[in-house]
Amino acid sequence: MNRIQNKILVLTGIVLFIMAAIWLTLTYYSRQTQEQYNDILQRYLRMNEVTGASQQTITDLNNYLIRPTPEHYEQLEQSKERLRRAKYDVFALRNGDNDFDLTSYTNLIDSLLETANRSMMFQAQMDTEDSNQAFNEATRISRSISDMTLTLLDTELKTYDRFYRGIIERSTELNKLGIWLLLTITFLLLIFAYWFALSITRPVQKLTQAAKELSRGRFDQEIEVSSNDEIAFLAKMFERMRVNINNLITEIQQKAQLEHELQQNKLLLQESRYRSLQSQIHPHFLFNTLDTLSKKAYLEGAEETSDLLASVAGLLRYNLRRLDRSVTLYEEVRVLRQYMDIQSARFADRLRFVEDIDESCLYVQIPGLTLQPIVENAVIHAVEPMEDGGTIVFRIAEDGDRIRVEIADDGPGMPEDKIERVLKGSAQETEGHTTGIGIGNVVQRLRLFYGQDDIIDIESKPRSGTKVVLRLPKVRRYEADDQRTDRG
Amino acid sequence: MRKTIVVLLAAICAVLLYFTSASAYKVFRADWRLPQTPLQESAEYRLVLITQELETPFWDRVGAGAREEAAKHGAMLEIWGSYSNDADEFLKKLEIAIHSRMDGIIVQGLDTDAFKELVKYKAASYGIPVITVANDVPDSLRRTYVGSDQFEAGRTIARQLAADMGQEGTVILLRDNGNAYYQEQRLDGIRSILEAYPGIELQYAETQGSREQVIAAMQDLMNHSPDVQAFIAANANLTAAMVQEIGRRSRVKPYHIYSFDDSPDTLTLLREGLIDGIIEQSPEEMGRISTALMIDWLEGRQIPLKTSGYHTEIRLRKAEDAP
C-alpha cells in the first residue's frame, strides 16, 4: 500500500534531489571558473614577476656596485635566483602565439643575468669603467624586459581575447540559466504538488460525498475509491459498514413483512369468528331444540329424520367450536360426512357422493372448516342448478411428502378469471352458504396455516366439471415456522 | 477542458525545459582549459628584420618577401623597427634583438658609429649573424648585403639625364646631410657618368631631412642658379618637398627631375608627369634573398657569404611608362 507518508517522503526526496543536483552542478561550475581565473591570473602574475625580479636585480646590483658588502652580495644573489625562477615559470607559458616573444624574453633574462655577472666581475677586478658600462647595459636590458613584458601581456590579451569574452558571455548566460531553472523548477514543483495534493484530497472528497449520501439514507450506492493509500482502506471499511447496514435494513423490512402477514392472519380469523358469531343466535337453544326434535322424531318412528337432525346439530356445534384451532383431517372428514348426509336428505338421488379415502392419511393437521366450504361450493354450483343433479367425488391419497385431497364435480365448470380470483384469495361470496365461510377465506387460511402458496389448485374445464386439489404437507405448520425463524 | 489544460501545461513544460537545457548547454559546453596554439616544432630559427621605417610600402614589401621565405623554411620571423627614421629607437630595437639572442638579424643599414658598434662587437660577441638589407654599411662587419646596387642606380639616372637633357646644362643634386653610404654610392654613380660630359655642370645641395629645410635649401639654390635645367634627389624623402618648391616658382614640366626609390609620393609625382624618372627597386626580392641567405648560412650550406653583397634588380621608371 502506498501510504500518504510515503508519498510525502517521495515528494520531499525529489525536491531534495533537485536541489542537491543544482547545488552540485553550481559548485562544480564555480570551482572550474575559479580554476580558470587562477590560470589566467597566474599567467599575468608570472610575467609581472619577471619585471619585478629584474628591477630588483638591478637595484641590488647598483647597491652592490656602490658598496660591495657581503649582505649586498647576498641580496643580489637572492634576487638573481628569484629572476631565474621567474624565468622558468614564465617559460612554461609558451604557446604557438607567443613562442617567439617568449623565447626572446627568456634570452633577455639570460642576457641580464650574464651582464650583471660581468659587471660584478669587473667590479672585482677594480675595473670601474667597464663595470659601470655593464651596469648601464644591464639597466637597458631590464628596461627592455619591462617593455617586452608589456608586449607579451598585450599578445596574451589578443590571444585569449575570444576566450575572455567567452567567459563574460558565459557568466551572462549563467544568470539566464538561473532564471530559466527557477521558472522550470517552480512550474514542475507546482504541478507535482498539485497532482500530489489531488491524489490525497480526491479520495477524501469521494469519501465525504459517500458519507453525505449515507447520511441522506441512501445505502444502495457503492463507495468506490481508486487510490491506494489509507483513504482507500478507510473507504473499504466504510463500504463494508454500508453493506452491513443495508443487510440489516433488508432484514428489518422482511420482519415487518412477516409481522404484517401475521396481522392479516389474525384479522382473517377475527372475521371468521365474527361471521360465526353472527350466526350464533342462541346456539344452545338451537342445539337443544334440534336434539329434542331428533329424539321426538325417533320416538315417533321417523328414524331418518332423527339422524338428519342429529347431523345438523353436530355440524352446527363443529362450526361454532373449531374455527380458530387446527383439527385433524379425520375430524374434517367426519364433519364432511355429516354435511353430506344433510345434503343427501335435501337432494335425494340428485346428489351422488363418491368417497375414496386412504384412512392412513387422516392424521394430518388442517385448519378447521376447510373441506366443508369447498364441498358446499361444489354442491351449490354443480348440483343445485342441475335438474339431473350431479356427482361429487371426494378422494384422499398419499402423494410423496404430501397428502392429496381432491374434490371433483361434474358441473358446468368455472371461468378462468374466477379461478384466478379465488386463488388470489380475493373472491368474496357468501350466497347460500350454511357456514357463511367463502372459498376465498379457506384459501387464505390454508396458505397462512402452512406458510406455502401451492397448497390449493383448481382445475376446471367448461362443461366437464371442476376439480379442487389440496396438497397438504405432512409437516405441521409450527415446525415449518420454527425452521424459518432459524433461517433468519 | 481538462484535456486542453493538460496539453497547455505540457506545452509550457516543454518550452521551459527547452530553454533551460539550451541555456545549460551554452553554459557548460565551454572548454575550461585555456586554448593552446600548438608550438611549431619545426621552427628552428628565430629571425628578426629590423628597419627604421616601419609600415612604409617599401618595407612592407620587404617584410612580405622575408616572411614568405621564412615560412617556406619553417623559421620564425618578426619585423621590428622604428617609425620615420627614429635612429635611437631603431638602435634600441637592434640591441634588444641582440640581447634576446636571435638566431639571425636582418637589418636596414644605418651608417652611424652606434650601429657599427652594435653590429661589430655586440652581435659578434653573441655570435649572431647580421645581414644588411636595402641600405648597406660595408665597414660594420655584416655578413653580407642584399639590396640594390646604389652605384649602378646612380649611373642609370645619370645616363637617362644625359639622354633627356643633352650635352649641356646645370644639374642640382639634392642630398641630405646624413652622408649615408647608399647616398654616397648613388652620387658616385652619377658623377662617374657625368664626368664624361664637360658641358654638364653639377651643383650639390645639402639639407636636413625636414620639409622646411628642403624648401629653404631649394629657394637658396634656385636663386643662385636660375638657369638650372635638372634636379636629382639622392634621397626619395626629399623629392616631394623639392617638386613642391619648384612648382611654386614656375611650371614644373620643363625641368628634368629624377629621384630614387619608388615611394608613394614619388610614384604619384611620376604619374602626374611632374618628375621624369625614378629608380625602381625590388623590395620583395630583398626580403626573400636576405632571409634565404640567412637560413642557408645558419644551416652552414653557404659559407662564406659574398662580402660585396647580393644585388637585386633595379629598373628605371620613366614618366611616359607610368600608367
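Quick mapping for you: the protein sequence lines, in order, are chains A and B. UniProt numbering applies: residue 1 is where the first sequence begins, and numbers increase by one. UniProt numbering applies: residue 1 is where the second sequence begins, and numbers increase by one. Here a beta-carbon is modelled for each residue, glycine too, at the ideal position from N, C-alpha and C. Just so you know, these numbers come straight off a predicted model, no measurement behind them.
Distance between K206 of chain A and I231 of chain A, taken at the CA atoms: about 10 Å. Of the residues assessed, E332 of chain A falls on the buried side of the cut-off, its CB having 16 or more other CB atoms within 10 angstroms.
Classified as buried, H99 of chain B has 16 or more neighbouring CB atoms from the shown chains inside 10 Å of its CB.
Given a length threshold of 4 residues, each whole run of the alpha helix (DSSP H) inside the segment 72–141 of chain A is given here in chain order: 99–124.
Taking a Cβ-Cβ threshold of 7 Å, the residues of chain B close to I191 of chain A are L9, in chain order. The alpha-carbon separation between W297 of chain B and L113 of chain A amounts to approximately 29 Å. Chain-order list of chain B residues neighbouring E173 of chain A: S23, K26 and V27, by C-beta distance under 7 Å.
By the CB criterion at 8 Å, I392 of chain A and V405 of chain A fall outside the cutoff. The beta carbon of S82 of chain B is closer than 6 Å to those of Q52, E89 and F90 in its chain, skipping five residues each way along the sequence. Neighbours of M1 of chain B in chain A, taken as residues whose beta carbon is under 8 Å from its own, are absent, since the nearest beta carbon is some 16 Å off.
Under the criterion of beta carbons closer than 8 Å, I50 of chain B and A87 of chain B do not qualify as touching, at roughly 12 Å. A straight-line Cα-Cα distance of about 45 Å links Q444 of chain A and A210 of chain A. Close partners of Y160 of chain A in chain B (Cβ separation under 8 Å): L34 and P35. Shown in chain order are the members of the segment 58–77 of chain B whose Cβ falls below 9 Å from a Cβ of chain A: M76 and L77. Separation of T159 of chain A and P35 of chain B (C-alpha to C-alpha, rounded to the nearest whole angstrom) is 9 Å.
Pairing I419 of chain A with I458 of chain A gives a Cβ-Cβ distance under 8 Å. With 16 or more other Cβ atoms from the protein chains shown falling within 10 Å of its own Cβ, D111 of chain B counts as buried. In the DSSP annotation of this structure, the continuous segment of the beta strand (DSSP E) that includes L470 of chain A starts and ends at T466 to P473. Three or more Cβ pairs closer than 8 Å define a contact, and the segment 267–283 of chain B meets that threshold against the segment 156–173 of chain B. Residue nearest to T132 of chain B within the set B:R315, B:M294, B:E299 and B:A319 is B:M294 (criterion: CA-CA distance).
Here N288 of chain A is exposed, its C-beta having fewer than 16 other C-beta atoms within 10 Å. As the crow flies, the alpha-carbon of N85 of chain B is around 19 Å from that of S140 of chain B.
Chain-order list of chain A residues neighbouring P38 of chain B: N95 and G96, by C-beta distance under 9 Å. Checking the DSSP bridge columns, you'll see T132 of chain B partnered with B:V107 and B:Y145. Using a Cβ distance threshold of 8 Å, S282 of chain B and F58 of chain B do not count as a contacting pair. Pairwise C-beta distances place the segment 307–323 of chain B out of contact with the segment 167–176 of chain B, as fewer than three of them are shorter than 8 Å. Across the segment 175–204 of chain A, CB contacts with chain B closer than 8 Å involve K176, L177, W180, L181, L183, T184, F187, L188 and I191, in sequence order along the chain. DSSP places R175 of chain B in the strand class (E or B) of the three-state scheme. DSSP places L49 of chain B in the strand class (E or B) of the three-state scheme. By the CB criterion at 8 Å, I215 of chain B and A233 of chain B fall outside the cutoff. When Cβ-Cβ separations below 8 Å define contact, R170 of chain A makes contact with chain B.
Contact with chain B is absent for F122 of chain A, since none of that chain's Cβ atoms lies less than 8 Å from the residue's Cβ.
Annotated three-state conformation of Q219 of chain B is helix, per DSSP. Listed along chain A, the residues sitting closer than 7 Å to F19 of chain B by beta-carbon distance are W180.
DSSP places G209 of chain B in no beta strand (DSSP E); its state is neither H nor E.
Classified as buried, K93 of chain B has 16 or more neighbouring CB atoms from the shown chains inside 10 Å of its CB.
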